[in-house]
Each structure stands twice: as structure tokens, then as C-alpha cells.
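J.: Residue numbers (our numbering), protein chains in the order written: chain C, 1 to 433; chain Y, 434 to 710.
The structure under discussion is supplied below as C-alpha cells; questions concerning it will follow.
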């Protein structure tokens with residue numbers, strides 16, 4: 001009998017504690033909502049928020065938050081509130097990311113199957129396959145279409161998202177990210193992926209997720225990421241060109257010296273290519289650090305940050321030695337933020353020629369802070385205007401030469417943007433000499 | 434801003450080292466200046482120079498300062514609420530030599546320094562550059578060692594601008610007008626005589642940036658009280674700097690303040706020093 005009462009007492013205490021914990025969690029969600037709303041009100045670079053009645057937005061969403069039953073609902077409601085701003089760089093990051101980080105940053109990173117993806121004509125098309133990764137070893141090729149990842153039907157995912165995203169410039173960037181997220185997962189685990197091959201025949205492959213290539217880096221609440229840099233010399237009878245690519249503007253301690261080595265090894269090259277396709281940006285100052293290798297004139301700027309009360313200039317400081325030959329930058333609709341600042345700024349300075357397709361038009365400097373409920377909040381604190389006076393947010397960088405990827409080109413082993421850049425460099429050769 | 438106990442002023446150069454990090458992290462908002470509070474009639478206030486003299490006395494006195502010829506400070510810094518942390522090390526020596534390095538995880542190292550003539554900066558993100566004009570003058574002035582003993586060579590005037598509470602501590606507010614650059618404001622506790630806050634607009638290549646710094650945690654080092662904590666509010670963000678050690682009259686390498694090779698290369702390129710070839 002004593003045991004029974006003891007058990008009931010413990011049960012009552014547990015129920016009471018659960019109710020207290022639930023109330024505390026709900027209060028944390030309410031506090032998080034208010035924190036986000038006030039932060040936008042106080043720190044958005046435009047105090048008028050482009051004419052949006054922010055108080056009315058608060059009053060619209062507050063009743064929903066009060067009825068929220070869990071953190072997932074809270075996250076969704078706050079996200080919908082932020083969507084009314086119609087701007088990039090406003091998002092809620094689930095707190096679970098940081099729980100994993102606190103344990104071990106290396107295990108918090110998802111494994112990769114070695115595929116990259118683009119949305120072409122409404123289909124998820126393999127755009128590149130990493131050497132030595134499972135996808136390559138299993139014979140998967142650029143141009144194949146991804147139909148299913150595990151239980152996720154990819155055409156349906158694309159169709160549903162395209163309906164809600166409308167004409168957003170971020171549509172393909174977001175879809176690519178979502179599809180890659182389904183491909184990624186715990187290192188060592190398998191995932192079954194259904195493709196349509198070059199003959200549109202169904203090909204079912206079991207891929208093992210492996211550690212991504214590159215250097216693991218962390219920055220504040222951004223979460224862990226692998227940063228890689230590739231450089232290779234493209235030589236033919238007509239020209240010698242240095243080709244470089246990197247996936248993010250992060251890890252400056254390793255990326256910047258690698259980039260510097262690539263340039264210094266090729267001062268006499270006929271051309272230099274920086275491939276920013278798939279690059280979502282990162283540290284803003286790295287755009288200047290890279291551009292400093294390509295200008296030799298003082299007091300040039302990539303653009304300006306417009307804050308609520310002041311403007312800050314992205315001034316270039318030429319390196320002791322610089323590359324003066326033709327510079328081509330490759331972009332597409334998955335090139336965002338710092339990648340757009342770099343490309344758009346050098347385009348305005350007429351120092352680089354841009355090849356590919358329009359960028360993501362998501363170029364706002366932002367910060368990330370933790371919320372009372374454990375999630376994190378990324379928000380923009382300035383607008384960015386390129387040296388030519390263009391607001392990159394919502395507009396993006398328009399290439400000088402439109403040369404977007406197509407499935408047919410990928411299947412044929414072609415890269416229209418790279419091919420166009422090489423062709424242009426060949427025509428510039430006499431000028432450079 | 435004068436170099437009183439070494440760290441207070443050097444922190445300003447530390448702030449300069451931090452600016453590019455803030456940019457790198459896209460951490461930029463303007464800082465609103467606080468409105469003055471509790472202003473007292475000026476005729477009741479002590480002169481600015483007597484406030485500075487009192488500071489020297491309460492922190493150790495001229496004789497104690499005269500025994501210090503260089504300093505090495507090491508510590509940590511954190512961008513409040515952003516999970517961005519790093520280390521900081523600073524060297525300073527007579528008459529106006531300075532070298533600071535801030536190294537933040539994921540962002541890399543930002544170094545800055547002056548040999549008394551050339552002011553420079555070099556960051557992992559943006560590369561090397563030479564500071565010019567007002568920015569150079571401000572950095573070299575901020576690097577002056579024991580500047581309080583001859584502040585008249587650095588500033589045209591020091592005026593008491595009023596009284597103001599800083600974190601509940603009633604303070605004298607003085608404005609120092611340099612020979613080049615903008616006036617700088619400092620707040621000294623009426624009770625202790627210690628510097629508790631500085632406020633200035635820093636000239637940077639990117640534009641003018643307002644900075645407020647709250648100076649705390651004074652401890653005696655070689656007979657001179659020095660602050661070990663500084664909370665900087667710059668560009669809308671808060672940066673806390675905590676020093677673990679301040680070593681004075683340290684055995685420094687002779688080349689500690691030599692210009693880095695990349696900076697020399699920039700000077701050669703600009704024709705400021707002859708090409709070795």
C-alpha cells in the first residue's frame with residue numbers, strides 16, 4: 001500500500017512537473033515570438049519596413065502563437081510572420097542543430113553521397129558528381145534526373161514548393177537545398193535513390209553517405225560546414241586558364257591562402273575563372289579579400305552596406321601583386337549573398353565578366369541569435385547596394401553572358417557557362433598581353 | 434583618447450582590429466549615442482586636466498608610470514549572444530609602437546599595428562592594407578605610450594563637458610579634442626577617479642563607426658591600476674574583452690613591431706620605400 005501511495009505521489013509530482021514544464025515552454029515560445037517581432041522593428045535597416053504595418057502583423061500572428069501547442073507550430077507561425085517582409089535572410093533555425101553541435105560538431109555534419117543538383121525545367125537534375133564518392137563509383141552521371149530519395153517523391157516536392165514559392169528568385173536555391181538535405185544524412189547510412197538515366201530509364205541506386213569533402217568549420221550559430229576549394233589549370237593550344245571554385249565564403253584561414261596560391265601560380269595565365277555556382281555566400285569581408293587580387297587601383301568599392309543610420313563602404317585594397325588579365329565569374333540561381341556581392345561588385349567595376357544565369361537575389365548581411373525557446377533567429381541588419389547603385393536583394397546579378405545549364409548540355413558533358421567564359425578569355429588574350 | 438594605464442587606450446586599437454571581424458560576420462548597425470543626463474552647471478566642475486591628473490594619481494602616480502616601458506596583454510573576447518569567441522594579444526612599447534592580433538574561431542586572425550610611422554592592418558579575410566590620413570593619425574595617437582604625461586602634444590584641448598551617470602556611478606564627462614580627427618569623450622568616476630567609459634567616432638576606411646566602451650575590473654600591475662575588462666558597443670553589437678594577463682617591461686623580440694613583409698611590399702608598390710631590387 002505504501003508503495004502504491006508513493007507511486008501515486010510520484011505520478012502526481014511528475015504530472016505537475018510536466019504541466020509546469022509545458023507552461024514554461026509555452027512562455028518561451030511567446031517570448032521568442034515577441035523577441036523576433038521587436039528585433040525586426042528595432043533593427044531592420046528601414047525603420048518604415050518598406051511601408052509594412054508591422055504592428056498589424058504582430059496583432060495578426062500573436063493570437064496564433066498563443067494557441068501554439070509545440071515549438072514546431074511556433075516555428076511555423078514565426079516563419080509566416082517573417083515571410084510578410086518578403087526578404088531573404090530572415091529565418092528560424094531549429095534549436096536541435098545546436099544540441100547536436102554541443103555534443104560534437106563533427107557528428108553534427110551530415111554525410112554526403114557526392115552529388116550536386118540543380119532544378120532545370122522543373123526537374124531535379126544531377127549537375128555534378130564528385131570523384132571517389134559513391135555516386136561516381138555507381139555510375140551516376142550529370143544529367144540524370146532524381147525521381148525519388150527514400151520515400152520522398154521529388155517531382156511532387158518540386159511541384160508543391162513551386163506552387164507556394166510563386167516567382168520567388170529563391171525558389172530553385174531553396175529546392176536545391178531541400179533535395180540535398182534529403183540526400184544527406186548520418187554518415188555511414190544508406191539511402192535508396194531512384195534516377196532517370198540518360199535514356200530516361202529508371203535506375204535505382206543505393207548510396208552510402210560519406211564524410212563531405214573539405215575542411216570542417218564552425219562560425220557562431222551558423223552550424224558546422226565543410227568548406228572546399230578546387231583549382232585546376234585548363235590548357236589548350238590557344239590559352240592557359242586558371243579555374244577555381246569553392247562552396248562557401250567561410251574558413252578564411254584555409255580558403256584565402258589557397259585562393260592566393262592559385263592566383264600567384266598563374267599571374268601570367270591568359271585568364272582566371274571563379275566559379276560561384278552553388279555558393280550561398282558567407283563572410284562578407286572575404287568578397288573584398290578576393291577582389292583585392294584583381295584590382296590595382298586605390299579607393300575602388302564593391303558596394304555599400306546601408307544601415308539604419310549610416311552607410312559602410314566595401315573598399316578594395318589592392319594586394320602587393322595583382323592579376324590583371326581577363327577575369328570570368330560563373331554564377332547561377334544558387335549563387336547568393338557574398339557570392340553576389342563579389343560578382344556584382346566586380347561587374348560594376350567592369351573588372352569581371354559574368355557568365356551563367358541570374359543569381360538568387362538574396363544579398364543581405366545578417367546575424368544569428370538564440371531565442372528564449374532554444375531556436376535561433378537569423379535576421380538582416382542592412383541592405384546592400386552594389387557600386388553601380390543596384391540593390392542586389394530581389395534583383396540579383398544579371399550575367400553579361402546568359403549561359404545556363406541544361407540537361408542536354410550536362411548529358412553531353414558540356415558546361416555552357418564555363419565554355420562561354422573560356423571562349424571569351426581566348427578573345428581577350430591579345431589585350432592582356 | 435589618451436593611453437592612461439596602457440590597456441584603456443590600447444583597447445581602442447583592439448576595437449580597430451575587431452571592426453573587420455564585425456564586417457566579416459556582417460554585424461553592422463549604427464550605434465545611437467546616449468543623451469547626456471544629469472548635467473551640472475559647468476562652473477561647478479573641475480577642469481579636464483585636473484580630472485586626468487587625478488586619474489594618474491589614483492591609478493598609481495607618475496613615478497609608477499615612468500617605470501613602465503612596454504606591455505603585453507593577453508585575453509579572450511566574445512561577441513555577446515552570437516557564440517563568436519576568440520583570443521586577443523596586444524603588445525605596446527615606447528614611444529608609440531603597437532601590435533594587436535585578434536583570432537576568432539571560424540573568422541581567422543586580424544592583426545594591426547604601427548611602428549610609429551606606418552599604421553597597418555592585415556586580416557585573413559581581406560588581406561593587408563596600409564592606413565592613411567585620419568585613420569592613420571588616430572591609430573598612431575592611440576598607440577602613444579604614457580601619453581597622459583604629455584597629452585598636450587596629442588590634443589589641442591581637454592574640456593569638462595558635464596556630469597553623467599554611467600551604470601549608476603556619477604561621473605565627470607570630459608571631451609578631448611585631438612590635433613587630427615574627431616573629439617573623444619571620456620567619463621571618470623567622481624568617487625574613485627577611475628575611467629569608466631569612453632565614447633568616440635572612429636574613422637575607418639569603410640566609414641565612421643561610433644564606439645562606446647565600458648572599462649571595468651581594475652587590478653594593480655607593477656604599482657599601476659589597469660583595467661582587465663572592457664565591454665565595447667560598436668556597430669550595434671557588444672564585444673566583451675577580458676584580459677587574463679598584463680605583463681609590463683616584458684622581454685619582447687626586437688622585431689616585434691617590424692612591419693610584416695606584405696605591408697613592406699605594399700609600401701614598395703606605393704613608392705613609399707625603395708624597391709630592394
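Each residue gets a CB set at the ideal place from its N, CA and C atoms; glycine is no exception.
When DSSP labels each residue in this structure, what does residue 186 of chain C get in the three-state scheme?
T.: Residue 186 of chain C falls in the coil class under three-state DSSP.
J.: Report the rounded CA-to-CA distance for residue 305 of chain C versus residue 315 of chain C, giving the unit in angstroms.
T.: When rounded, the distance between both Cα atoms is 11 Å.
J.: Apply the 10 Å Cβ neighbour rule to residue 415 of chain C and answer buried if 16 or more other Cβ atoms are within range, or exposed otherwise.
T.: Buried: at least 16 other Cβ atoms inside 10 Å.
J.: Keeping to the same chain, check which residues put their C-beta closer than 8 Å to that of residue 685 of chain Y; ignore five residues upstream and five downstream.
T.: Hits under 8 Å: 503, 505, 524 and 526.
J.: Would DSSP call residue 342 of chain C helix, strand or coil?
T.: Reduced to three states, the DSSP call for residue 342 of chain C is helix.
J.: Residues in the segment 294-317 of chain C with C-beta within 8 Å of chain Y's C-beta atoms, listed in sequence order?
T.: Against chain Y - using a Cβ distance shorter than 8 Å - the residues of the segment 294-317 of chain C are 305, 307, 308, 309, 310, 311, 312, 313, 314, 315 and 317.
J.: So that I know if they touch, is there some Cβ in chain Y lying closer than 8 Å to that of residue 345 of chain C?
T.: No, residue 345 of chain C does not count as interfacial toward chain Y.
J.: State the start and end residues of the unbroken alpha helix (DSSP H) segment that holds residue 287 of chain C.
T.: 285-291 is the extent of the alpha helix (DSSP H) around residue 287 of chain C.
J.: Among the residues of its own chain, which have a CB less than 6 Å from the CB of residue 544 of chain Y, if the five just before and after it don't count?
T.: Correct list, in chain order: 534 and 555.
J.: Tell me the rounded alpha-carbon separation between residue 411 of chain Y and residue 487 of chain Y.
T.: Here chain Y has residues from 434 to 710 only, and residue 411 of chain Y is not among them.
J.: In whole angstroms, what is the alpha-carbon distance linking residue 576 of chain Y and residue 491 of chain Y?
T.: Each residue's Cα considered, the two are about 22 Å apart.
J.: Could you pull the DSSP bridge partners for residue 506 of chain Y from this structure?
T.: Paired residues: Y/523 and Y/679.
J.: Check whether the Cβ atoms of residue 642 of chain Y and residue 674 of chain Y sit closer than 8 Å, and answer yes or no.
T.: Contact: no.
J.: Between residue 137 of chain C and residue 206 of chain C, what straight-line distance do the alpha-carbon atoms span, to the nearest angstrom?
T.: Rounded to the nearest angstrom, the two C-alpha atoms are 11 Å apart.
J.: Restricting to Cα atoms, I'd like to know which of C/341, C/396 and C/84 is closest to residue 50 of chain C.
T.: Of the candidates C/341, C/396 and C/84, the one whose C-alpha sits nearest the C-alpha of residue 50 of chain C is C/84.
J.: Rounding to the nearest angstrom, what Cα-Cα distance links residue 227 of chain C and residue 367 of chain C in this structure?
T.: Approximately 20 Å, taken between the alpha carbons.
J.: Starting from the Cα of residue 695 of chain Y, find the closest Cα among C/262, C/318, C/254 and C/313 and give me that residue.
T.: Nearest C-alpha to residue 695 of chain Y: C/318.
J.: Inspect the CB distances between the segment 67-74 of chain C and the segment 35-51 of chain C and report whether three or more fall short of 8 Å.
T.: Output reads no: the segment 35-51 of chain C does not touch the segment 67-74 of chain C.
J.: Within 8 Å of any Cβ in chain Y, is that where the Cβ of residue 320 of chain C sits?
T.: Yes, its Cβ sits closer than 8 Å to a Cβ of chain Y.
J.: Is it right to say residue 489 of chain Y is buried, meaning 16 or more other beta carbons lie within 10 angstroms of its own, or is it exposed?
T.: The residue in question, residue 489 of chain Y, is buried, as its Cβ has 16 or more Cβ neighbours within 10 Å.
J.: Does any C-beta atom of chain Y lie closer than 8 Å to the C-beta of residue 114 of chain C?
T.: Residue 114 of chain C does not count as touching chain Y.
J.: Closer than 9 Å between beta carbons: that is the criterion. Which residues of the segment 633-654 of chain Y meet it against chain C?
T.: So the close ones are 637, 638, 639, 640, 641, 642 and 643.
J.: Are three or more beta carbon pairs between the segment 408-422 of chain C and the segment 334-349 of chain C nearer than 8 Å?
T.: These segments do not touch.
J.: With DSSP collapsed to three states, give me the class of residue 572 of chain Y.
T.: Correct three-state label for residue 572 of chain Y: helix.
J.: Taking CB distances under 8 Å as the criterion, tell me whether residue 132 of chain C reaches chain Y.
T.: No, residue 132 of chain C does not count as interfacial toward chain Y.
J.: So, does the CB of residue 558 of chain Y fall closer than 8 Å to a CB anywhere in chain C?
T.: Yes, residue 558 of chain Y lies at the interface with chain C (some Cβ there is under 8 Å from its Cβ).
J.: What does the alpha-carbon distance come out to for the pair residue 283 of chain C and residue 67 of chain C?
T.: So the alpha carbons of these two residues sit roughly 38 Å apart.
J.: Note down, in chain order, all residues in the segment 502-534 of chain Y with a beta-carbon under 8 Å from any beta-carbon belonging to chain C.
T.: Within the segment 502-534 of chain Y, the residues whose Cβ lies closer than 8 Å to some Cβ of chain C are 512, 514, 515, 516 and 517, listed in chain order.
J.: Quick check on residue 43 of chain C: does DSSP put it in helix, strand or coil?
T.: Three-state DSSP puts residue 43 of chain C in a helix.
J.: Is residue 578 of chain Y helix, strand or coil by DSSP?
T.: Coil, per DSSP.
J.: Write down the C-beta distance between residue 493 of chain Y and residue 657 of chain Y rounded to the nearest angstrom, noting that I regard them as a contact closer than 8 Å.
T.: Confirmed, about 4 Å.
J.: Relative to the alpha-carbon of residue 615 of chain Y, which residue among Y/637, Y/538, Y/699 and Y/478 has its alpha-carbon at the smallest distance?
T.: The residue with the shortest Cα to Cα distance from residue 615 of chain Y is Y/637.
J.: Going by DSSP, name the residue or residues bridged to residue 241 of chain C.
T.: Bridge partners of residue 241 of chain C: C/234 and C/271.
J.: Between the beta-carbon of residue 358 of chain C and the beta-carbon of residue 329 of chain C, is there less than 8 Å?
T.: No, the Cβ-Cβ distance between residue 358 of chain C and residue 329 of chain C is not below 8 Å.
J.: Between residue 417 of chain C and the rest of its own chain, which residues show a CB-CB distance below 6 Å, the 5 nearest in sequence each way excluded?
T.: Answer for residue 417 of chain C: 330, 355, 356 and 403, listed in chain order.
J.: How is the beta strand (DSSP E) around residue 213 of chain C delimited, first residue to last?
T.: Taken as a continuous stretch (DSSP letters only), residue 213 of chain C belongs to no beta strand (DSSP E), as it is neither H nor E.
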